[in-house]
Structures are given as C-alpha cells and as structure tokens.
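Remarks on the structure that follows.
Numbering (my numbering), first residue to last: 2 to 217.
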C-alpha cells in the first residue's frame with residue numbers, strides 16, 4: 002500500500018490512503034488516543050447499528066457482496082453473541098468498504114463515506130446525496146440500479162426511464178423526504194424503512210385514484 006496523506010483532528014494525526022481511486026481513512030489512528038485503542042474497532046464492527054449501515058452500503062455499492070452471509074451476521078449481532086474482527090467481516094461478506102493491511106502503513110481502514118462527519122461541506126453533502134440514489138431505488142423498486150441492469154441487459158437507459166408516471170411522482174417526493182431525513186441524522190436503515198413505507202402508501206393512493214378515474 003502506497004504512502005498516503007495525513008489529517009490532524011484535535012491533535013491526532015489520522016492517515017488517509019488511496020486505493021483504486023478511493024480514499025480509506027485509518028480507524029487504527031482514530032482510536033489510538035483512547036484507553037481501549039484499536040479494541041474499540043472490534044466493538045464498533047459488531048454493533049448492530051454499524052452492521053445495518055455497512056450492509057446497506059455494501060448492497061448498494063458492491064455487486065459481489067455476500068448478502069445471505071450478512072443476514073447470518075446480523076442475526077448474531079441481534080442477540081449480542083457476535084465476536085468478529087474487521088478481517089473476518091471482509092472475508093465472510095466479501096465487503097470492500099473496509100481494509101485490513103499489515104506492514105509499515107498497516108492497520109484497519111474504512112472508506113471515508115462510511116465515516117461521515119457531523120458537519121459536512123456543501124461539496125461533501127452533494128456526494129452523500131448522490132450516493133443515496135440506490136437507497137431510493139431499493140425503497141421504491143426493491144432493487145439497485147446494478148441489479149436492474151443485470152436483469153435487463155437488453156434494454157437501453159436505466160430503471161427510472163421505465164418507471165410509471167405514478168412511480169416518478171413518488172420518487173420526487175421521496176428525494177425531498179430523504180434529504181430532510183439526512184439532515185435530521187436518521188440512520189440509513191431507518192431511512193430505508195421510512196422511505197419504503199412512504200413509497201407503498203403513496204403508490205396505493207395514486208393507483209386507487211387512477212382506477213377511480215377509469216371507473217368514471
């Protein structure tokens with residue numbers, strides 16, 4: 002792994018390394034100043050909320066993610082018996098949002114997007130919102146853009162090009178709601194559930210109204 006850059010946060014230097022044009026931030030450096038040190042990473046990776054977020058992120062961004070195995074891990078975390086390292090997480094699920102490296106610049110690293118800070122610049126906010134596109138796809142269409150393309154390789158365009166008028170109306174409403182949920186710091190899993198419920202509710206209303214108009 003090539004040498005990267007460092008940022009200073011409240012006197013602590015944190016390494017950032019690029020790999021495949023993606024920046025990974027050192028969790029090892031981030032926990033160095035705490036009493037438990039890197040032991041905190043083990044607690045963080047087995048936290049149910051952490052796993053829910055990482056699972057959704059990988060499902061959206063990683064077509065090779067082992068979602069069935071993730072389901073097993075998620076069940077284990079729900080009954081507080083899960084013991085797992087980041088390395089085991091990567092091995093079991095084929096996740097690529099985190100790295101474990103040995104050697105001079107070794108340690109545990111995570112894609113910066115998985116560690117969104119409390120205060121975001123407008124540029125970073127735009128990046129976060131852009132990465133939410135498939136969260137909306139999952140909530141409304143129950144599949145990601147990659148999944149749709151895989152199932153419809155003979156079609157041109159994308160999934161939204163084939164959406165009904167009702168779906169496009171709901172999608173527009175969902176985009177606004179999702180932006181507000183992000184501002185309110187709702188977790189991704191929570192947002193996905195709320196957006197899915199919203200999609201179901203609004204689609205029912207729109208379809209029922211369409212059917213009534215046809216009866217008239």
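The beta carbon of each residue, even a glycine, is placed where N, CA and C say it ideally should be.
Between the CA atoms of residue j and residue i - distance to the nearest angstrom
i, j, result
"residue 182", "residue 201", "18 Å"
"residue 208", "residue 141", "14 Å"
"residue 176", "residue 14", "37 Å"
"residue 88", "residue 101", "6 Å"
"residue 90", "residue 32", "19 Å"
"residue 6", "residue 97", "21 Å"
"residue 180", "residue 197", "15 Å"
"residue 51", "residue 40", "15 Å"
"residue 37", "residue 203", "48 Å"
"residue 205", "residue 44", "42 Å"
"residue 153", "residue 34", "50 Å"
"residue 199", "residue 170", "12 Å"
"residue 8", "residue 93", "31 Å"
"residue 173", "residue 112", "29 Å"
"residue 25", "residue 103", "15 Å"
"residue 165", "residue 74", "37 Å"
Sequence-distant residues of its chain with Cβ nearer than 7 Å to residue i (five each side left out)
i, result
"residue 54", "188, 189 and 190"
"residue 160", "138, 142, 146 and 149"
"residue 68", "60"
Sequence-distant residues of its chain with Cβ nearer than 8 Å to residue i (five each side left out)
i, result
"residue 195", "178, 182 and 187"
"residue 193", "57, 136, 139 and 140"
"residue 134", "146"
6 Å CB neighbourhood of residue i in its chain, flanking five on each side removed
i, result
"residue 83", "47 and 77"
"residue 109", "28, 29, 42, 87 and 101"
Residues sharing a beta bridge with residue i, DSSP
i, result
"residue 99", "111"
"residue 73", "In the DSSP output, where bridge partners are listed per residue, residue 73 has none listed."
"residue 9", "14"
Please go through the segment 12–50 and give each complete beta strand (DSSP E) segment of 3 or more residues, from N-terminal end onward.
13–20 and 23–27
With a threshold of 8 Å, are at least 3 pairs of Cβ atoms found where one atom belongs to the segment 16–28 and the other to the segment 56–66?
no
Counting only runs of 4+ residues fully inside the segment 121–180, write out the alpha helix (DSSP H) ranges in chain order.
123–132, 134–142 and 146–152
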